[in-house]
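Report on the structure given below.
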Amino acid sequence: MKYEEYIPVIGMAFMLLLVQLIAVALTPSMDENNFKAFEDPEDPTNVIVWVAIILIFTGFIFLVIKLNKKWMIQAFILISVGWTLYYIFYALFSVFLPPEINLPLTIILSVGLTLLLYKFPEWYIIDTTGVLLGAGSATIFGISLDIVPTLLLLVALLVYDYIAVYQTKHMVKLAEGVMDLRLPILLVIPKHWNYSFRSEKFDKEDREAFFMGLGDAVMPTLLVVSANFFIKDTTFYSIPIIGEMNLPAIGAILGTFLGFSVLMTLVMKGKPQAGLPFLNGGVILGFVVGSLIAGSSILGGYL
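Numbering (numbering that gives the first Met the number 0), first residue to last: 0 to 302.
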C-alpha cells in the first residue's frame with residue numbers, strides 16, 4: 000500500500016490517543032467537582048445499569064428509525080452533547096476561573112458548540128466535538144467505576160459488540176440508520192483534504208473517509224482513567240500538561256494501541272470490523288501487564 004493510504008489510520012490513532020490523554024488530564028478537576036455517574040464505584044451492579052441503558056437506547060433508536068422520526072434521535076443526542084460539554088468546560092475552567100465567570104462562559108461555549116454542530120456538521124467540527132465528548136464521558140464514568148466493575152463492563156461490551164456486528168448484525172444497521180444525521184457519535188478521518196462530510200453519500204461502498212464509532216474510543220479509555228484514579232499502590236510519573244500517570248494506566252494505553260493495530264490491519268484489507276473485541280481486549284491486556292510490572296494489585300481495592 001502507498002504511504003498516503005496510511006495517513007487516515009495515523010489520524011485515527013492520534014484522535015484515539017488524544018481522547019485518552021485529555022481524559023486523564025480532566026480527571027482531577029472532574030473529581031474535585033464531583034462529576035460522577037455512580038455514588039458507589041465498587042458496586043458491580045453499576046455494570047448492569049450501564050448495559051441496560053445501552054440496550055434500551057439501542058431499542059429506542061431502532062423504533063424511531065422504523066417510525067421515520069429521526070429528528071427525535073438528533074434532538075436527544077444534541078441535548079446530550081450540550082449537557083456533557085457543560086460538565087467538560089466547567090471542570091476545565093474551574094482550575095483557573097471563579098464560578099461567577101466559569102458558569103456563563105461554560106454555558107456560552109456549550110450552547111455555541113452544540114449549535115455549530117447542528118448548523119454546520121463538517122468533519123472537523125464532528126471530530127473536535129467527538130474528542131471532547133469522548134474524553135469527558137470516559138472521565139466521568141472512569142472515576143465512577145472501580146477496577147472490577149470497569150473490567151466487567153469492558154468484557155460485557157466486548158462480547159456484545161462481537162454478537163451485534165458479526166451475529167445479529169444489528170449494530171451495522173443501527174450505524175447505517177443514523178450516519179446521515181451527522182452527529183458526533185463517530186470520528187471521521189478523511190482520505191483527502193477537500194473531503195466534505197456534509198456532502199458524503201452513505202449509500203455508496205467506496206467512501207472517502209474512515210469512520211470509527213465514538214464508543215470505540217470511550218470504552219477502552221474508561222480503564223485508563225479508572226486505573227490511574229483508583230490504583231494508588233504504585234509509582235506515578237509526571238507527564239507535562241497531562242498530569243500524573245501510573246504504569247497500569249500507561250500499560251492500558253499501550254494495550255489499546257496494540258488492539259488498534261490489529262484492528263486496522265484487518266480494516267485496511269477492506270472488511271469492516273467490530274472495534275471493541277480488539278480495543279477492549281488490548282486495553283485489558285495492557286492494563287494487566289502494566290499492573291504486574293508495577294507490582295500493584297490488578298483488582299485495585301478488591302485485593
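Built from N, CA and C at the ideal position, the CB exists for glycine as well.
### Euclidean distance between Cα positions of S290 and R181
By one-based count along the sequence shown, residue 290 stands at place 291. By one-based count along the sequence shown, residue 181 stands at place 182. Cα-Cα distance, rounded: 39 Å.
### Task
Take every Cβ of the region 219 to 233, pair it with every Cβ of the region 247 to 258, and state whether three or more of those distances are shorter than 8 Å.
yes
### Query
Excluding five sequence neighbours on each side, which residues of the same chain lie with their C-beta closer than 7 Å to the C-beta of Y187?
Looking up residue 187 in the sequence shown gives position 188. For the sequence presented, residue 187 should be read as Val rather than Tyr. W122, I125, D126, F196, A208 and F210, listed in sequence order.
### Query
Cβ atoms of G254 and G214: under 7 Å apart, would you say?
The residue labelled residue 214 in the question sits at position 215 within the sequence shown. The residue labelled residue 254 in the question sits at position 255 within the sequence shown. Result no, Cβ atoms of G214 and G254 do not sit closer than 7 Å.
### Task
State the start and end residues of the unbroken beta strand (DSSP E) segment that holds A208.
In the sequence shown, residue 208 corresponds to position 209, counting from 1. Per DSSP, A208 belongs to the beta strand (DSSP E) from A208 to G212.
### Buried versus exposed call for L15 [16 or more other C-beta atoms within 10 Å across all chains shown]
Along the sequence shown, one-based indexing puts residue 15 at 16. Buried, by the Cβ-count rule.
### Query
Comparing alpha-carbon positions, which option in L153, L173 and Y194 lies nearest P120?
Along the sequence shown, read from residue 1 onward, the residue named residue 120 stands at position 121. Of L153, L173 and Y194, the residue nearest in Cα terms is Y194.
### Backbone CA spacing between D160 and L275 [nearest angstrom]
Reading the sequence shown from its first residue, position 161 is the one you call residue 160. Reading the sequence shown from its first residue, position 276 is the one you call residue 275. Computed Cα separation, rounded: 6 Å.
### DSSP-derived helix/strand/coil call for V94
In the sequence shown, residue 94 corresponds to position 95, counting from 1. It is coil, neither helix nor strand.
### Query
Near H169, what residues of its chain come up, given a Cβ to Cβ distance below 6 Å and the 5 sequence neighbours on each side ignored?
Start at 1 with the first residue of the sequence shown, and residue 169 comes out as number 170. Excluding sequence neighbours, H169 sits near A163.
#### Entry: Stretch-stretch touch, CB-based, cutoff 8 Å, three pairs: the region 137 to 149 with the region 7 to 22
yes
### Query
Between which two residues does the alpha helix (DSSP H) containing Y159 stretch?
Within the sequence shown, residue 159 is the residue found at index 160, counting from 1. Per DSSP, Y159 belongs to the alpha helix (DSSP H) from I146 to Y161.
### Query
In three-state terms, what does DSSP make of Y301?
Within the sequence shown, numbered from 1, the residue matching residue 301 stands at position 302. Low confidence applies here, because Y301 scores a pLDDT of 46, under 50, leaving its location unreliable; read the following figure in that light. Here Y301 sits in helix by DSSP.
### Query
Tell me which same chain residues have a C-beta within less than 7 Å of the C-beta of G10, skipping the five on either side of it?
As a first step, residue 10 must be located in the sequence shown, where it is residue number 11. Result list for G10: I188, in chain order.
### Task
Let me know if L302 comes out buried or exposed under the rule of 16 or more other beta-carbons within 10 Å of its beta-carbon.
Position 303 of the sequence shown holds residue 302. Annotation note: pLDDT 45 at L302 (below 50); position unreliable, no value reported.
### Message
For I292 and P239, I'd like the C-alpha separation in whole angstroms.
### Response
Start at 1 with the first residue of the sequence shown, and residue 292 comes out as number 293. Start at 1 with the first residue of the sequence shown, and residue 239 comes out as number 240. Whole-angstrom Cα-Cα distance: 23 Å.
#### Entry: Endpoints, beta strand (DSSP E) assigned at V164
As a first step, residue 164 is located in the sequence shown; it is residue number 165 there, counting from the start. Careful: V164 lies outside any beta strand (DSSP E) and carries neither H nor E.
### Message
Restricting to Cα atoms, I'd like to know which of I184, I76 and M71 is closest to G129.
### Response
Along the sequence shown, read from residue 1 onward, the residue named residue 129 stands at position 130. That would be I184, whose Cα lies nearest to the Cα of G129.
### Query
Do you know whose CA, among Q166, G133 and R206, lies nearest G212's CA?
Taking the sequence shown and counting its residues from 1, one reaches residue 212 at position 213. Nearest option by C-alpha distance: G133.
#### Entry: Integer Cβ distance of F256 from A24, believed to fall under 8 Å
By one-based count along the sequence shown, residue 256 stands at place 257. By one-based count along the sequence shown, residue 24 stands at place 25. Contact flag wrong, Cβ pair sits at about 18 Å.
### Query
According to the Cβ coordinates, are I50 and A216 closer than 7 Å?
Your numbering for residue 50 matches position 51 in the sequence shown. Your numbering for residue 216 matches position 217 in the sequence shown. Position check: residue 50 holds Val in this sequence, whereas Ile was assumed. Not in contact: V50 and A216 (Cβ atoms no closer than 7 Å).
### Query
Is N245 helix, strand or coil when you go by DSSP?
Taking the first residue of the sequence shown as 1, we reach residue 245 at position 246. Note: N245 maps to strand in three-state DSSP.
### Message
With three or more beta-carbon pairs closer than 8 Å as the criterion, would you say the region 89 to 102 touches the region 25 to 42?
### Response
yes
### Message
Here's the rule: buried if 16 or more other CB atoms are within 10 angstroms of the residue's CB, otherwise exposed. What is V147?
### Response
If you number the sequence shown from 1, residue 147 lands on position 148. Classification of V147: buried, given that the 10 Å Cβ count is 16 or more.
### Query
In the region 97 to 127, which residue ranges form an unbroken alpha helix (DSSP H) of at least 4 residues, counting only runs that do not cross its ends?
98 to 118
### Task
Count the other C-beta atoms from every protein chain shown that fall within 10 angstroms of the C-beta of G285, then say buried if there are 16 or more, exposed otherwise.
As a first step, residue 285 is located in the sequence shown; it is residue number 286 there, counting from the start. Buried, because 16 or more other Cβ atoms sit within 10 Å of the Cβ of G285.
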